[in-house]
Every structure is written in structure tokens, then in C-alpha cells.
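Respectively, the protein sequence lines represent chains A and B. Following the working numbering, the numbering of the first sequence begins with 1 at its first residue and continues without gaps. Following the working numbering, the numbering of the second sequence begins with 362 at its first residue and continues without gaps. Where is the CB? At the ideal position from N, CA and C, for every residue including glycine.
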Amino acid sequence: MDFTTLQIVWFCLIAVLWTGYLVLEGFDYGVAMLIPILGKTEKEKRVIINTIGPVWDGNEVWLLTAGGAMFAAFPAWYATLFSGLYLPLFFVLVGLIVRGVAFEYRSKHPEMSAKRTFDAMASIGSFVVSLIFGVAFANFMIGLPVAARPPATAEATTTLFMLSPAPYLLQLFSPFAILGGIVLVVLFLFHGAIYLVLKTRGIVQERAKRFAAVIGLVAIVGGAVFLLWQNLAIHPTGWLGWVLLVVAAAGLVAAWWFVGRGERPGVAFLGTTVTTLCVAVGVFLTMWPNLGFANAPGAEHVLNAATAASQDSTLTIMLVAAIIFVPIVVAYTAWTYWVFRRPISVDNIPDEDHHEAAHAG
Amino acid sequence: MTPETLARWQFGITTVYHYFFVPITIALSMLVAILQTIWNRTGKIEYLRLTKFFGKLFLINFAMGVVTGIVQEFQFGMNWSEYSRFVGDIFGAPLALEALLAFFLESVFLGLWIFGWDRLPKKLHLMCIWLAAIGTMLSAIFILAANSWMQNPIGAVFNPATDRAELADFMAVLTNPVTLVTFPHVIFAAYMVAGGFVMGVSGWHLAKLHTAQQNGELSVRQTEDLGAHRFATKFGAWVLLIAGAGIVVTGDIQGKIMTEVQPMKMAAAEALYESEGGDGKCANFSVLTIGTLDGSEEVWSWKVPCVLSFLATGTWDGKVEGINNLRDEFAAGRIQNPDNPLQVDARPRLDAIGVTNWVPNIPVTYWTFRLMMGLGFAGMGIAVLTLFLLRKGRLPKQAWWWTGLMIAAPLAPLFANSFGWIFTEMGRQPFLVNGVLTTASGVSPGVSAFEMGTTMVLFTLIYGALAVVEVRLLLKYIKLGLPDVVEPEVITDDDAPLSFAY
């Protein structure tokens, strides 16, 4: 495969990994944000948490793999982006840390005050991560301005790029980017609520249904404004952008209908999944070939897929590994969802674990 | 403080902290898999109790390992952007493969194992913990291949056009001699910790139950537990001891490879200022050396004749180069490994920067090297003593010294792990990639000292708070002892309570 094709393939693979992350962890962020909103009693909260209990950790690995793939396939992209978005990524890490320990720790603390703290950690952590990634993706569509460091030698044709001006922090919060953050949070809330309708029974399912009916409308309006704004002003991507907009909107409308009156939560879940997919494709479409960066006009050195990519042998070796292992990962992940396919209700939640263990020692 | 200093401290704090959870994750997952296999084979309920007991302790630990591990992957780009750009061709690949091959395997199958007791048939459920345990080992292979490449950067060339290191021979990177010996060393080190953990936890219960038995206060169920803990204590002790033997063998090979590919690190480990040995003489091993404060001269020392020659070269009179000789020769243009094209080609780049200090921090390398070995041997000593005290049906009694030993059993090897890593990373200084890229030139140029300092403080505070929660939880579940269990059955009734739920 020639070098340019390899770059395109790897760009697409990274887009696939990010899409997998957004679709899968999207609903478990939504579910975690909904713990205090939809769970009134302790057992109801545990129903909500247990719908994602077996799968959330595997979902998070999509993010780690996406990050690792960026590092391996486009080192300069990874280097510039991660150092440039230093503080936002720090808060993403904190969000992932507090939500990651919350599920495990909450089940092992009997005191209600501790449980409330861990619930807050799960919800706020998920919210912060969703919000920051929404803002970040909107900024990739706008294009993050970069400047080259002077090359180390006269021979060198590439060099390290940095966001300019550094620190590039307040500039991230343009109206379009803030809308992007809000829309992603709303989309995940909708996606998560539909997942709960699909995976629970009884009172929690009823509440999730009612919540989905409301948040679905917000998602439709917010998503439409965001994509129209992008296609008209921020970063038009031609007819393909409009097709994606229409399909994304149709996915949301279908989801809203089928989770409510249509009584087909499975189809509704497919709807939000299609929308997330279209949004991800739309974002990555604007990121080729400059990877979400904006080079200074007339700059001698530019940051793009060609200058950021690893050499072809690295890309080829990694591609072989990806072709073999991505389908295997998808297969056993799908099997997990099959094993835990059954919806749960408060009747399925056993009494707390530590009571059971208490008379053993 | 400069951004470089802050970035190094941040990496040190977050990585040493992360590594408190790694050995238990790698090795205890496998020990739990073994316990569950014994239960599957024998059908004896006490092995199921042990599986669930240590399984729960393992999961409390695993949660922290996962969340602190994410920081590691992001940190290269955040704090070390020039390093990431410079080595991404070679260093990025193992990281991506680690996520794809190892992290998915361990996360997905651990989820199945935790929640699958009443969803999966017995054998399939057992397979899940085995696959998760194998996943943790795969993860170690990839990350150690990446780290070993930083110690001995082979299979790569310097490309002046792209101004970075590029892959020349992928097989050479995978079969790096440093990787091949570091992998078993790190795995054995993990088993020492997990063995010590199982031995310490069960040994503590054993003494408590035995004392209660002597006072005639033991129920039937507790008598069963006593037997189970006796088994687990000896099991853990043997694991620690066998892993310890593996550590000694692999550590010895590592020393010889280190002498070859990182002579300065070997000299720094020994605080050997002037070359010794060769020409019929031998180099002595320093048990204790005190140097001047600037680390350039020796003031007083206690040495064992000829042992250093043997450790470093495998012969009793091999020559071991000293810090001062190496420093002068490196400064004069010597390449560490003239056969390494990357080190040869990167030399003009180093000269352009002007490396002034070729020597790592000697007190740190010297003392961490000794603490690593000392604590490792202490762990093995505790295992031997425990096996001796438990010989032929004997049982320990509750006593302050016994509790102390059982607490030290996991902690001594755990801190030996920490010191080993601090040694191997500090001994590589002033380089990120040995002989190729200095630590100072790898730091993110666009990140301010304020950003690095603030996040370092916040990470430390968050990690500190989590450590309190984590230790309290571990102690609580250790004290609760073996749980009541029922034979798991696959549930078909939609309304039946799950046997495990968060």
C-alpha cells in the first residue's frame, strides 16, 4: 500500500475507534449522569448502575486504543494535541478517575452519605468528560491554530508544532464550541436514557421513558442548530455534510418516536447510534487532511496527515495487527452484550454484599 | 522549578503510584484463576470461598490500577510532546497494541467474570478469569518492550529529514535482550508481591483463628476457614519464594546486559567512581559506600571482594568501568554502543545541544538499587520463616511480631518493585532514550511550569485521597474474612436476584 493510502486508512481507523468510544461509552456516560436524576431509592440507583456494570470498563478501552493509535500512526498529531489541550485533558483524566472508582467503591460502602458522594463522582465525572470532548470536537471542526518550532537542523523538513498562542485555553470556549459541549452532553443523556429503557423493567424504565421524551426534543433542536451552523458557517463539507446532517436528524427523530409512542426501544437505540455515527463521521470529515489544526497562511512548515504520520513500515505493521484483532475484539465485546442481554429491575438487585460477609469473620 | 523538573516529578509521582496496583493486578488475577481452577476440579467449597475472598480484594485494587493507568497514556503527549514526536514511530506502536490486545481482553473478560457467576456455565466462567489474567501479562509485554527500547534503543535509525527515530527492524525491537530479560524479572516481581499478599492476609487470619481455637471458641465453619487459610498461607509463601528465585536469576542476567548496554547505569548502581578489575584484578561489590555530596568521589566504603566483577561480567576478574572514566569518555565522543546506528547518528544532535552532565544522580541509583535487593530478600526471608513455622501441621499464634511479619510480607516486595523502577529510570538519566534523546529536550515546550506544577499538586491530592479510601476498603474486606458462598447456578428466572451486583 502506498504511503498516502496508508495515511488515509489510518485516519479512518482512528475515526472508527473514536466512533466506537462515542457510541459505546456515550451511553454509559449518559447512564451515569442519570443516576441521581432517575434513581430515587437505593435499589433503583443500583438498577441503573448495574445496567452498565459489566461493560463500562471495556467501553473505556476504545478511548485508550484511539489515543494509542493516534500516538503510533500520527505521533505529531498526538504530541501537539495532547500538549496543546493540557488543562482540558487534565480535567478529562480527573473525570475518568473519579467516575472509574465510583462504581466499585460505592458498592462497598454501606453508609448513605458515602454512596451519595460516589454517585456524585460518577455523574459529575461523566458530565465533565462528555462536555470537554464536545467542546474539543467542535474546536477540531473550527481548526486549532498551530505554529511550528524552528526545525532542529537545516536538513529537517518536519518539527514539533504547538497550539498558538500558548496557553490556548480561553479561546477554546467560542459559542460554537460551547454549543458542541452542550449538544454532546444532551446526546449522551438521550442515548443513555434509551439504553435504560432497553435494559430495565418497572419503575426505572418508566422514568427513563419519560425523561427520554423530553431530552430527545432538546437533542433534536440542539443537534440541528449545531450541524446547520457547522455546514453553513464553521466548516462546510459540501453535499456529504448535508447528507450526514439529514441522516443524523432522522436518527434522532426516529429515536424520539420509537422510545415513546413507537414502543420499540431497540430501534430507538439504533437511532441514537446512527446519529452518533454521523456526527463522528462529520467531525472527522472536517479534520482531513489537517487533523483538526489550522496552519498559519503561507507557513513554510505545516502540520497535516502527511507531516504527522509515522513511516510506512510502522503503519503497515500496525495495520496488520488491527485487521486481525479489531474483529476479534468486536466479536467478544458483542458476546458480552449477549450474555448480559436480560433487562433488570429492582427485583433482581440482591441485598448489600457486606451484610452477607459480615458474619463470616 | 523548571518545566523539566516538574514534568519529571509528575511522571515519577503518577507512575510510582500507578505501579502500587500493577503487581497485584498482574499476579493476583492469576492466583485467583488458579484458586478457582482448584475449586472447579475438586468441588471443595473452601476454594470457592478463597476465590471470592481474594477475587474481591483483587477488584478493589484493579479499579485503582485502571484509572491511574489512563493517566500514563495521556501523559506522554501532555508533558513529553517532543519525546512523543521523536519516538512515536517505534514507541507508539507497543502502546497501541497494548490497548488493542491487552486492555480489551482484561477489561471485557473481567466484566464477564465479575457479573457472570450466575450467567455463565462454570467452565466458561473460569475461562474468563484466565483470559483476563493473560491480558494483564500481555499488557506487561508491550509496555516493557516500549520501556526496554528506551534503555537499549535497537532496531531503529535516525532520519535527518523527519528529525526523528524511525523503525528499521521490528523483530529487533521485540527481541531486544533487555525486553527478554526484563519481562520475566517484572513478572516474577509481581508474583512476589501477590504471593506475599496472599500469605500475609491468610497468615494473619490463621493466627487469629488458631488462637481462638486454643481458647475453645471456634465454630465448625471457622474450623473450615482455618484449614483454608493454612492452605493459602503456604500457597502464598511458596509463590513468593519461587518467584524470588526467578528474580535472582533474571536479575543476575539483567546486570550483565546492563553492563553491556548501559555501563553508566551499572557504575551508578555501585557508586563505582574509578574503573576496577581486568588484567588479573577484580572489582569489589560495595555493600555500603559513602560519597562526597556532589557525587564525584568516594569517602568510605565496605566491600566484598570480586563480587562486582562477577555480577557485571560473569567472570571473577572482569573489568567494570567507573563513573569518572565513562563520563570523560562520553564527553570526548564515545558512543555507548558503536553498533547501534541510532546512537551513532544521534551523536551530532547531542553535540549540538551540548550535553554537560553525563552522570545520573548517584545517591539515588546507589540506594534504590540496594533497597530493591534488600527488600526483595527480606520478602523471601519472611516466606522461608513462615514455611518453617508452619511445618508439619504447626500453626502460628496471635502475636505482635507475627502481625508485623504478615504486614511486611506484601509490602517489602511491593516497595522493592517501586525502588527497582526508580533505579532503572533514574539510572538512565540524563537520557530519555539512552544515548539518543536527553530528558531536557523531550519536555513539551508549549506547556508552562504553572500548568505542570498545578496539575502535579492536584494529581497528588486526588491520589492521596483515593489511597485513604483504597487502604480502608482493603483492610475492611481483609478483616471480614472468607465470605459465605453458595454454589453458583445459571439463573433462568427473570425476577430472581442476581448473585452479584454493584
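Annotation: the segment 449-509 of chain B contains the following complete segments of the alpha helix (DSSP H) (minimum length 4 residues), in chain order: 465-476.
Any Cβ of chain B closer than 7 Å to the Cβ of glycine 53 of chain A would place that residue at the interface, and such an atom is present.
Residue-level contact by beta carbon holds for phenylalanine 464 of chain B and chain A, with a gap shorter than 7 Å. Residue burial annotation: valine 648 of chain B is exposed, with fewer than 16 other C-beta atoms found within 10 angstroms of its C-beta. Cβ proximity to chain B below 7 Å picks out Pro151, Ala152, Thr153, Glu155, Ala156, Thr157, Thr158, Thr159, Leu160, Met162, Leu163, Ala166 and Pro167 from the segment 150-179 of chain A.
Within the segment 302-360 of chain A, the complete alpha helix (DSSP H) segments of 4 residues or longer fall at 305-308, 312-339 and 353-358, listed in chain order. The segment 498-506 of chain B makes contact with the segment 538-558 of chain B, as at least three CB pairs between them are under 8 Å. Bridge partners of glutamate 527 of chain B according to DSSP: B:Val518.
Isoleucine 203 of chain A: member of the alpha helix (DSSP H) spanning 203-229, first to last residue. In this structure the segment 50-60 of chain A lies against the segment 469-488 of chain B, because at least three pairs of beta carbons, one per stretch, are closer than 8 Å.
At least one CB of chain A lies nearer than 7 Å to the CB of glycine 438 of chain B.
Excluding five sequence positions before and after alanine 122 of chain A, the CB atoms of its chain that fall closer than 7 Å to its own CB belong to Ala32, Ile35, Arg99, Ala102 and Phe103, given in chain order. The way I'd put it, the segment 201-209 of chain A doesn't touch the segment 218-235 of chain A; fewer than three beta-carbon pairs between them come closer than 8 Å. Nearest CB-CB separation between serine 563 of chain B and chain A: not below the 7 Å threshold. With 16 or more other Cβ atoms inside 10 Å of its own Cβ, alanine 568 of chain B counts as buried. Around isoleucine 220 of chain A, the same chain offers Ala249, Leu252, Val253 and Trp256 as residues with beta carbons nearer than 8 Å, after the five sequence neighbours per side are excluded.
Phenylalanine 82 of chain A is positioned such that its CB atom lies closer than 7 Å to that of methionine 439 of chain B. When rounded, the separation of the alpha-carbon atoms in phenylalanine 792 of chain B and alanine 120 of chain A is 43 Å. Take threonine 676 of chain B, set aside five residues on each side of it, and the residues of its chain with a beta-carbon closer than 8 Å to its own are Ser670, in chain order. Here DSSP, grouped into helix, strand and coil, assigns glycine 641 of chain B to coil.
According to the DSSP secondary-structure assignment, lysine 664 of chain B is paired through a beta bridge with B:Ser647. Comparing C-alpha distances from arginine 582 of chain B to each of B:Ala494, B:Val539, B:Glu407 and B:Phe544 shows the shortest one belongs to B:Glu407. Among the bridge pairs identified by DSSP, glycine 652 of chain B is matched with B:Glu659. Using a Cβ-Cβ cut-off of 7 Å, serine 113 of chain A does not count as an interface residue toward chain B, since no Cβ of chain B sits closer than that to its own. Bridge partners of asparagine 295 of chain A according to DSSP: A:Val146. Under the three-state reduction of DSSP, phenylalanine 3 of chain A is assigned to helix. If the five residues before and after asparagine 537 of chain B are omitted, its C-beta is found closer than 8 Å to the C-beta atoms of Ala506, Ser509, Trp510, Asn513, Ile515 and Gly516, all from its own chain and listed in chain order. Secondary structure of methionine 362 of chain B (DSSP, three-state): coil.
No Cβ of chain A is located within less than 7 Å of the beta carbon of serine 802 of chain B. By the Cβ neighbour-count rule, glutamine 575 of chain B is exposed, with fewer than 16 other Cβ atoms within 10 Å of its own.
Within the segment 513-538 of chain B, Asn520, Pro521, Ala522, Thr523, Asp524, Arg525, Glu527, Leu528, Ala529 and Phe531 place their CB atoms closer than 9 Å to a CB of chain A, listed in sequence order.
DSSP, reduced to helix, strand and coil, places leucine 163 of chain A within a strand of the structure shown.
By the neighbour-count definition (other C-beta atoms within 10 Å, threshold 16), asparagine 795 of chain B is a buried residue. Only residues of its own chain outside the window of five on either side were considered, and among them Leu748 and Leu751 have a CB closer than 7 Å to the CB of lysine 595 of chain B, listed in chain order. Residue environment: threonine 584 of chain B is assigned as exposed (fewer than 16 neighbouring CB atoms within 10 Å of its CB, all protein chains considered). When A:Tyr105, A:Gly95 and A:Val47 are compared, the shortest CA-CA separation from glutamate 831 of chain B is found for A:Tyr105.
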